[in-house]
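Colleague:
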Amino acid sequence: MFGTSRAQITVVLGLVFTAFGMSACGGDTKPPPTAAASPTAPKPARPDMILATTTSTQDSGLLDVLVPAFQRATGYQVKVIAVGSGAAMQMGERGDADVLLVHSPAVEEKFVADGFGVERTLVMHNDFVVIGPVADPAGIKGSKGASEVMKKIADKRATFISRGDSSGTDILEKGLWKAASVAAPKGQSWYFETGQGMGATLTVAREKQGYTVTDRATFLAFTGKLDLPILLEGDPALLNVYHVMVPNPARLPKTNTDGGRAFKNFLVAADTQKLIGEFGKDKYGQALFFPDAGKPEPTER
Amino acid sequence: MDLIFDALREAVRLLRTGDGDVYSITARTALITGASTLVASLIGLPIGLGIALGRFPGQRVLLAIANAGTGLPPVVAGLFVAILLWRSGPLGSLGLIYTPWAMIIAQALIATPLVVSFAAAGVMSLPPSLHLQVRAMGAGTGQYVWLMAREARLALLVAVMAGFGGVVSEVGAATMVGGNLSGSTRVLTTAAVLEVNRGNFGTALALGLILLVLVVLVSAVLTSVQARVRRR
Chain G
813 MFGTSRAQIT VVLGLVFTAF GMSACGGDTK PPPTAAASPT APKPARPDMI LATTTSTQDS
873 GLLDVLVPAF QRATGYQVKV IAVGSGAAMQ MGERGDADVL LVHSPAVEEK FVADGFGVER
933 TLVMHNDFVV IGPVADPAGI KGSKGASEVM KKIADKRATF ISRGDSSGTD ILEKGLWKAA
993 SVAAPKGQSW YFETGQGMGA TLTVAREKQG YTVTDRATFL AFTGKLDLPI LLEGDPALLN
1053 VYHVMVPNPA RLPKTNTDGG RAFKNFLVAA DTQKLIGEFG KDKYGQALFF PDAGKPEPTE
1113 R
Chain D
99 MDLIFDALRE AVRLLRTGDG DVYSITARTA LITGASTLVA SLIGLPIGLG IALGRFPGQR
159 VLLAIANAGT GLPPVVAGLF VAILLWRSGP LGSLGLIYTP WAMIIAQALI ATPLVVSFAA
219 AGVMSLPPSL HLQVRAMGAG TGQYVWLMAR EARLALLVAV MAGFGGVVSE VGAATMVGGN
279 LSGSTRVLTT AAVLEVNRGN FGTALALGLI LLVLVVLVSA VLTSVQARVR RR
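Just so you know, the sequences run in chain order G and D. Throughout the first sequence, residue numbering follows our numbering, covering 813 to 1113 in sequence. Throughout the second sequence, residue numbering follows our numbering, covering 99 to 330 in sequence.
(1) List, in chain order, every chain G residue whose beta-carbon is nearer than 8 angstroms to that of tyrosine 196 of chain D.
(2) Give the interface partners of lysine 1037 of chain G over in chain D, defined as CB-CB distance under 8 angstroms, in chain order.
(3) At least one CB of chain G closer than 9 angstroms to the CB of leucine 160 of chain D: is that the case?
(4) Does the distance from the C-beta atom of asparagine 1052 of chain G to that of aspartate 1083 of chain G stay below 9 angstroms?
(5) For proline 1110 of chain G, which residues in the same chain have their Cβ closer than 7 angstroms to its Cβ, ignoring the five residues on either side in sequence?
(6) If you draw a straight line from the alpha carbon of alanine 847 of chain G to that of isoleucine 163 of chain D, how long is it in whole angstroms?
(7) What do you reckon, are the CB atoms on glutamine 205 of chain D and alanine 257 of chain D nearer than 9 angstroms?
(8) Between glycine 146 of chain D and alanine 218 of chain D, how many whole angstroms is the CB-CB distance? I'm expecting something under 8 angstroms.
(9) DSSP beta-bridge partners for asparagine 938 of chain G?
(10) Would you say asparagine 165 of chain D faces chain G, with C-beta separation under 9 angstroms as the test?
(11) Kindly indicate which three-state DSSP category alanine 864 of chain G falls into: helix, strand or coil?
(12) What residue ranges within the segment 860-936 of chain G form continuous beta strand (DSSP E) runs of no fewer than 3 residues, ordered along the chain?
(13) Using 8 angstroms for Cβ pairs, my map puts valine 327 of chain D next to leucine 252 of chain D. What's the rounded Cβ distance?
(14) Using a threshold of 9 angstroms, state whether the C-beta atoms of valine 941 of chain G and glutamate 985 of chain G are closer than that.
(15) Look up threonine 1024 of chain G in the DSSP assignment and say whether it is helix, strand or coil.
(16) Which class does phenylalanine 299 of chain D belong to by DSSP, given the choice of helix, strand or coil?
(17) Within 10 angstroms of its Cβ, does isoleucine 102 of chain D collect 16 or more other Cβ (buried), or is it exposed?
(18) Using Cβ-Cβ distances below 9 angstroms, what residues of the segment 266-283 of chain D are close to chain G?
(19) Alanine 294 of chain D touches chain G at which residues, Cβ-Cβ below 9 angstroms?
(20) Run down chain D in chain order and give the residues with a C-beta less than 8 angstroms from the C-beta of arginine 906 of chain G.
(21) Using the Cα positions of phenylalanine 923 of chain G and asparagine 165 of chain D, report the straight-line distance between them to the nearest angstrom.
(22) Taking Cβ-Cβ distances below 9 angstroms as the criterion, which residues of the segment 1073-1087 of chain G are in contact with chain D?
(23) Of all the CB atoms in chain D, is at least one closer than 9 angstroms to the CB of threonine 816 of chain G?
(24) What did DSSP end up calling proline 226 of chain D once you bin it into helix, strand or coil?
(25) Please tell me whether glutamine 1098 of chain G has its Cβ less than 9 angstroms away from any Cβ of chain D.
(26) What residue range does the beta strand (DSSP E) around glutamate 249 of chain D cover?
(27) Is it the case that the Cβ atoms of threonine 288 of chain D and glutamate 108 of chain D are separated by a distance below 9 angstroms?
(28) Any beta carbon of chain G sitting closer than 9 angstroms to that of glycine 193 of chain D?
(29) Within 8 angstroms, do at least three Cβ pairs link the segment 119-129 of chain D to the segment 302-315 of chain D?
(30) Taking all protein chains shown into account, do 16 or more other C-beta atoms lie within 10 angstroms of the C-beta of threonine 239 of chain D, making it buried, or fewer, making it exposed?
(31) Which class does alanine 848 of chain G belong to by DSSP, given the choice of helix, strand or coil?
(32) Is the shortest distance between the beta-carbon of glycine 116 of chain D and the beta-carbons of chain G less than 9 angstroms?
(33) Assign valine 1058 of chain G to one of three DSSP states: helix, strand, or coil.
(34) Just to confirm the assignment, what range does the beta strand (DSSP E) spanning leucine 1044 of chain G have?
(35) In chain D, what lies closer than 7 angstroms to lysine 1020 of chain G by C-beta?
(36) Report the three-state DSSP secondary structure of glutamate 960 of chain G (helix, strand or coil).
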């Protein structure tokens, strides 16, 4: 019925796509001016690579510093996909990412043991803190450790906001309940799962005046936007350790392993480690992450 | 309340200084949603006209699918396209995931049912006598479709606007297939979500206001076309 118009449509579509390709995707193909200016960066054979990482590294702004520096130094173009550690490792398992920067050590060890990831390397750490309402209805301030805090919150049935998204933070929080021998609070009327990133979860915690477990970097990035003080910190169980891994190239020959390795090597390089240690000091007066490359696992120190 | 004024001030500041790539993000938003609306129109308008004017088996089923498709949640469309385009997916070798192209595909998928459904409804609501009249004048199929489309041009314009409105404001599919990559697939909606996650509510609201201005501008242009068409 519209035989002629279909031919026209094809032509128009083609034109539109070409025009669009030249304008909108220009940013993809053109190297950034800074990279072009750097004489030390030979263009890699396969410049496009995907970094799957946690929301904390993006929401805190750390990646805004590290990724441009990496791209300048190496000529790679990094696509940063910020999801929970669980989702990031699933991407790695499927071959949908070339390098993983995650913070869920137990899950990572299994990931490596199962043959999905290789070259797992310590990058940095900071810590988790338990925050909550100023009034502290569960009376956790001054508690000895995480187990006591979790027990008190559960006993008082105080509002608790959980990530509930299988992220590194979520897995750590679930572990805290377990370590405190509190029955899994999922489904309790005082226990809410947002299923969202750390930033969004902090906002929910503020509005519902609940307790939550957060990494310190995202918490500091929310300075001035939260009226929830730190009520517990310093427990060794609250250590937050970030590792970088490359998906197993033997299993997934199609991933950009060279790119993944380059990013891994970049993260543990001395200059980058210095950059990580300095990040946030100008804005928050303290470091958000502590560089750890080449050191023993913080849990074993 | 303070937050709203802060956001307004922040919006003005962002627009004045161009900080945070607002201009490139806004331009990218217009380009990507414009392209997906165009694709959806090129596919959807002929199908809508065909459903309204033609007679073929499966016509009703097609209309039912289009009508149901107007409620297609962007996240579902996004997930579907993502599964196809992920490296591990059947079309992974095309390397389209996390590019503007992937966003156009997903958004066209969202907008096409809207265009089909609105276009079909608009043409169907033309007076039945018109069909007879045009046919009686001895118009061929091509002429018949052309004349009917001309008569229904306002409805077809609304169909295109519906498609545009459906994609410019969505965030689920854009995030899933685009990845919210700075400088490449970050559009106003995904940038706003990112700023919310970072606690920069003023910036987020400012981006929202810019999106609103963009929508108002586009609909103003379309409305003025509508008004001109009407006067003729």
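Cβ atoms here follow ideal geometry from the backbone N, Cα and C, with glycine treated the same way. Quantities reported herein were computed from a predicted structural model and do not represent experimental measurements.
Modeller: Inspection of the coordinates gives the following:
(1) Ile862, Lys891 and Ile893
(2) Gly297 and Phe299
(3) no
(4) no
(5) His937, Leu1051, Val1053 and Asp1104
(6) Here alanine 847 of chain G scores only 40 on pLDDT, less than 50, and its place in the model is too uncertain to base an answer on.
(7) Taking a C-beta distance under 9 angstroms as the contact criterion, glutamine 205 of chain D and alanine 257 of chain D do not qualify as a contact pair.
(8) Contact between glycine 146 of chain D and alanine 218 of chain D holds, with the beta-carbon distance rounding to 4 angstroms and staying under 8 angstroms.
(9) G:Asn1052
(10) no
(11) strand
(12) If we require 3 residues or more, the beta strand (DSSP E) runs fully inside the segment 860-936 of chain G come out as 860-865, 889-894 and 911-914.
(13) 6 angstroms
(14) Between valine 941 of chain G and glutamate 985 of chain G, the C-beta gap is not smaller than 9 angstroms, which leaves the two residues out of contact.
(15) Shown here, threonine 1024 of chain G sits in a strand according to DSSP, grouped into three states.
(16) helix
(17) exposed
(18) Of all residues in the segment 266-283 of chain D, the ones placed with a Cβ closer than 9 angstroms to any Cβ belonging to chain G are Gly277, Asn278, Leu279, Ser280, Gly281, Ser282 and Thr283, in chain order.
(19) In the sequence as presented, alanine is not what sits at residue 294 of chain D; that position holds valine. Think of a sphere of 9 angstroms around the beta carbon of valine 294 of chain D: the chain G residues whose beta carbon falls inside it are Gly1011, Ala1012 and Thr1015, in chain order.
(20) What arginine 906 of chain G touches in chain D: Trp184, Arg185 and Ser186.
(21) 45 angstroms
(22) none
(23) For threonine 816 of chain G, the predicted structure reports a pLDDT of 39, less than 50, and the residue's modelled location is therefore unreliable. A value from the coordinates is still provided. Taking Cβ atoms only, chain D reaches closer than 9 angstroms to threonine 816 of chain G, which makes this a yes.
(24) helix
(25) no
(26) Counting along the chain, no beta strand (DSSP E) covers glutamate 249 of chain D; the unbroken alpha helix (DSSP H) around it starts and ends at 239-249.
(27) no
(28) Yes - at least one Cβ of chain G is within 9 angstroms of the one on glycine 193 of chain D.
(29) yes
(30) Exposure of threonine 239 of chain D is indicated by the presence of fewer than 16 other C-beta atoms within 10 angstroms of its C-beta.
(31) With a pLDDT of 40 at alanine 848 of chain G, under the threshold of 50, the predicted position of this residue should be treated as unreliable, and no value is reported.
(32) No, because no Cβ of chain G sits closer than 9 angstroms to the Cβ of glycine 116 of chain D.
(33) strand
(34) 1042-1044
(35) Within chain D, no residue comes near lysine 1020 of chain G; the closest Cβ sits about 16 angstroms away, beyond 7 angstroms.
(36) helix
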